[in-house]
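Read through the structure below, which is laid out as structure tokens, and then see the notes.
Chains as they are written, first to last, in the numbering used here: chain Y, 1473 to 1972; chain L, 37 to 264.
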């Protein structure tokens, strides 16, 4: 009888039932979409962090550059070109420099690995190669009449008149300089630990990655964007500071942003950059993700002079549209969706209560026939619950569709990292970036941090669907509660008297 | 069967106190047929509600087989209604979404009768009121007289001790009125029920062996010479 009565009543009031269910559906769909977008934000943030950290890395240990003394100039790369006597002068300079951080002794890796809560630790060396090729052309000095020029006086590029080195009246014509600047980043990786460090977030697209025996092999793995830009392929050669390396593989960063453009064995990186026994970053995996803060404290205490950064620290430095969207989703989006759901539940409650108001004679009659208040209440709640379930089903379908649409569209978000936090935004004049600064292809070193474009997805987890089901049932129960309260207070005599 | 002792019922209508029943004493025996008449607002329906355990008196006792309905808990009172008292209303009060059979079944739900048995008994009750052909019809598909027959079947299906009818012919035309009254009287006699009916209709009232009149909450009962 319960189900027959329930089914018939819902069929009779299907418009009202549809309104109630639609309201709940809207609220639930919003909750699902906002929750899934929030999850997508977290995934995106995770990807951004992984692109710097590498998979499985819980902390990094670095040593920031020493604070410059007041008035001191930051150290910059110097290029010295030897002058020649006559004609065009071809000049070339190939500099390989440690990038971003002060170096640490590679024995620090072992010290860090011994700390309580540390599962594993590996070191890496971030480098930047700056190569300048070009030539100077001497200018010619035309002497003035009264002030003879000085033969052999160095000419200035371009043209100068009056007050020039040859004296008043001398004129310099011709001359100049043309240089190509080529720059790329390198990362010396510990090939014996292939599952920790920045290379873990890249997938081999051609060739292979390092073998654990290639600790000192003259082999490199290239980032796919760099390889494409330079027209390099597997099996080809890459020359770094005069040393030829075989290209064994090309990898693509999962997040679209690689930690370096060229990966090579750590020992080779140390030798080439004259940094034997030195590293810039230690990647640490904790034994338990709940112990990360304790590990951080232990390392800071026992390995002095280092900066220890966790993913939580790093996450705080994410800015840009990803951060804005994440904040929007976690604050306004959530509140908005819950407000809509609350409004829907209230409207559903009022409609249910109003429906009970229209059925006082019906319920009064049933009570007169011996139906208990509990039985009448269950009937009302049952109807509201079905509305909730229908609303929940519609809402889940709409929510899944919404989440699917977000994933299909995959709007691009930008994450900026490390620009504003001294801990790994860099100290001193370097403008360093955590985990190996990004250098634009052929450009100068990034001074404001790392910018990563990442596509937003909206993954719907079982927990979100479970939450939606609970909200639907809860919404139905609350809505039913309004009507049930009214129905339970109904005295049969009053109910019958009111309509006689 | 029934014994009402000093039953009063007062309502508040705004600031005014209304004495719907003002010290009613009444005895109704097993198998009696009593018709209650009186002007509108005189307290007829209120008295019927007291007898049916739908309402409680302000003071006094309503004894049904020695049990004071006024003092029963809500749960017990509901159980008494479910087991012992059948109601027939002027507006039929059928559930519009349920068929004739299902409407009759609703009276058996509180008694915990199993579904199959419930259906059999409901069909039997509808047969006894001549509606066996209309089991699957909704109230909206039945005439007024047929609806009232369904309501009578619903009232009798649980085999109550008492049948209370509040203006059962009020919404029916004259020919249907006689048909329904004949049916009610016949069934009550057949089952030995105590039958109390409120009516405005003097023609119906004249058929009862006892006639009670309520005016301003006070009752007078006289033996009638039934006109049949």
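All residues carry an ideal CB built from backbone N, CA and C; glycine is no exception.
According to a CB-to-CB cut-off of less than 8 Å, which residues of the stretch 1838-1855 of chain Y neighbour chain L? 1838, 1839, 1840, 1841, 1842, 1843, 1844, 1845 and 1847
Verify the CB distance criterion: does residue 1930(Y) have a CB-CB separation below 8 Å to chain L? no
Item to complete: Compare the C-beta of residue 145(L) against all C-beta atoms of chain Y and say whether one is closer than 8 Å.
Response: yes
In DSSP terms, what residue 1737(Y) is bridged to | 1661(Y)
* Can you round the beta-carbon distance between residue 1695(Y) and residue 1733(Y) to whole angstroms, since I take them to be within the 8 Å contact cut? -> 5 Å
(request) Could I get the ranges of all uninterrupted beta strand (DSSP E) runs contained in the stretch 1670-1707 of chain Y, with 3 residues as the minimum, in chain order? (result) 1674-1679 and 1691-1695
| task | Determine the DSSP secondary structure at residue 143(L), reduced to helix, strand or coil. | result | coil
* Within-8 Å CB hit, residue 1964(Y) to chain L -> yes
- Query: Taking only beta-carbon atoms, is residue 76(L) less than 8 Å away from chain Y?
  - Reply: No, residue 76(L) lies away from the interface with chain Y (no Cβ there is under 8 Å from its Cβ).
inquiry  = So with CB distances below 9 Å, who are the chain Y contacts of residue 88(L)?
reply    = 1840, 1964 and 1965
- [ ] Answer with yes or no whether the minimum CB distance from residue 1968(Y) to chain L is below 8 Å.
- [x] yes
Using DSSP bridges, identify the partner residues of residue 1882(Y). Residue 1882(Y) pairs with nothing; no bridge assigned.
**Study point:** Cross-strand partners of residue 81(L) (DSSP beta bridge)
**Key:** In the DSSP assignment, no residue is bridged to residue 81(L).
In this structure, how does DSSP classify residue 1848(Y) when only helix, strand and coil are distinguished?
helix
| field | residue 1763(Y) to residue 1597(Y) span [Cα, whole Å] | value | Between residue 1763(Y) and residue 1597(Y), the C-alpha separation is close to 26 Å.
**Message:** Is residue 111(L) close to chain Y? Criterion is C-beta to C-beta, closer than 8 Å.
**Reply:** yes
* To do: Run the CB neighbour count on residue 1755(Y), radius 10 Å, all protein chains shown included, and call it buried at 16 or more, exposed below.
  => Buried, since its Cβ has 16 or more Cβ neighbours within 10 Å.
Residue 218(L): CB within 7 Å of a non-hydrogen atom of the ligand MN: The ligand MN is absent from the structure shown, which contains no ligand whatsoever.
ask   = What residue from 258(L), 259(L) and 251(L) has the CA that sits closest to residue 58(L)'s CA?
value = Closest by alpha carbon: 251(L).
Quick check on this structure: which residue in 1839(Y), 1852(Y), 1719(Y) and 1841(Y) has the alpha carbon closest to the alpha carbon of residue 1824(Y)? 1852(Y)
Item checked: Beta-carbon separation (whole angstroms), residue 1885(Y) vs residue 1822(Y), contact threshold 8 Å -> The pair is not a contact, with the Cβ atoms about 40 Å apart (cut-off 8 Å).
Q: Determine whether the Cβ of residue 1833(Y) lies closer than 8 Å to any Cβ atom of chain L.
A: yes
- [ ] Kindly identify the DSSP beta-bridge partner or partners of residue 258(L).
- [x] 247(L)
DSSP three-state label for residue 1920(Y), please.
A caution first: residue 1920(Y) carries a pLDDT of 39, below 50, which makes its placement in the model unreliable, though a value can still be read off. Note: residue 1920(Y) maps to coil in three-state DSSP.
Quiz item: Counting along the chain, where does the beta strand (DSSP E) carrying residue 1718(Y) start and finish?
Solution: 1715-1725
Query - Residue-level contact to chain Y via CB, residue 134(L), 8 Å cutoff - result: yes
Review point. Apart from the five residues on each side of it in sequence, which residues of its chain come closer than 8 Å, Cβ to Cβ, to residue 183(L)?
Key: Once the five neighbours on either side are set aside, the close Cβ partners of residue 183(L) are 128, 130 and 175.
Checklist entry - residue 1742(Y): buried (16+ other C-beta within 10 angstroms of its C-beta) or exposed? => result That one is buried.
To the nearest angstrom, report how far apart residue 257(L) and residue 203(L) are at their CA atoms. One alpha carbon belongs to residue 257(L), the other to residue 203(L), and they sit about 19 Å apart.
May I have the straight-line CA-CA distance separating residue 1479(Y) from residue 1946(Y), to the nearest angstrom? 20 Å
**Asked** Would residue 1485(Y) be called buried (16 or more neighbouring beta carbons within 10 Å of its own) or exposed?
**Response** buried
By DSSP, does residue 212(L) sit in helix, in strand, or in coil? In the structure shown, residue 212(L) falls within a helical segment according to DSSP collapsed to helix, strand and coil.
Who does residue 1533(Y) pair with in a DSSP beta bridge? Bridge partners of residue 1533(Y): 1754(Y) and 1780(Y).
* Residues in its own chain within less than 7 Å of residue 52(L) by CB, not counting five upstream and five downstream? -> none
| query | With 16 other CB atoms within 10 Å as the buried threshold, where does residue 1911(Y) fall? | reply | The predicted position of residue 1911(Y) is uncertain, since its pLDDT is 33 and thus under 50; a value taken from the coordinates is nonetheless stated next. Residue 1911(Y) is buried by the Cβ-count criterion.
### Query
In whole angstroms, what is the alpha-carbon distance linking residue 173(L) and residue 1507(Y)?
The alpha-carbon separation between residue 173(L) and residue 1507(Y) amounts to approximately 49 Å.
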